[in-house]
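One point on numbering: in our numbering, the residue at position 41 of the first sequence is 42, and numbering is uninterrupted. Where is the CB? At the ideal position from N, CA and C, for every residue including glycine.
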Amino acid sequence: MKNSFKLQVYELVKKIPKGKVMTYGQIAVLAGKPKAARAVGNALHKNPDPKKIPCQRVVNQQGRVAFHFAQGGEEKQRELLLKEGVKFKDKLHVILKSNV
DNA sequence: CACATGACTATCC
DNA sequence: TGGATAGCCATGT
């Protein structure tokens, strides 16, 4: 296994542009498995390179951030994302799309 | 190889 | 609208 599904997830996550966030489902689709959102989260859960993988830019369908389990400073990451241009609806909820 | 686990999503009540 | 349940997929033991 050289190109495991999770490896693709890492690549996709690392390719997330600054000031933007991706949902697990979206990443799963890009990886080729629209239903593998769980596997995506699992892949990030292993997170071999949390310093290189902006898992904080990866949120769930609700827009809820997941870095609660990531590098440990959720508030710090929140400010970091805010600096990048990511707007937060709430402390743990980012604005994915203005779908009102 | 089979079972158990997990940072999800969609559907139902 | 919100909580609970079921379904799907990959990884690790």
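Straight-line Cα distance separating Phe6 from Lys92: To locate residue 92, count along the first sequence from 1; it is residue 91. To locate residue 6, count along the first sequence from 1; it is residue 5. Going from the Cα of Lys92 to the Cα of Phe6 covers about 31 Å.
Cβ neighbour criterion (16 or more within 10 Å) applied to Gln57: Taking the first sequence and counting its residues from 1, the one referred to as residue 57 is at position 56. Classification for Gln57: buried.
Val10, DSSP secondary structure in three states: Taking the first residue of the first sequence as 1, we reach residue 10 at position 9. In the three-state reduction of the DSSP assignment, Val10 falls in the helix class, which pools H, G and I.
Contained alpha helix (DSSP H) runs [length at least 4] in the stretch 16-65, N- to C-terminal order: For the stretch 16-65, whole alpha helix (DSSP H) runs of length 4 or above, ordered along the chain, are 25-32 and 38-47.
Own chain residues within Cβ distance below 8 Å of Leu97, not counting five before or after: As a working mapping, residue 97 is identified with position 96 in the first sequence. Apart from the 5 residues on each side of it in sequence, Leu97 sits with its Cβ closer than 8 Å to the Cβ of Val22, Thr24, Val60 and Gly64 in its chain, given in chain order.
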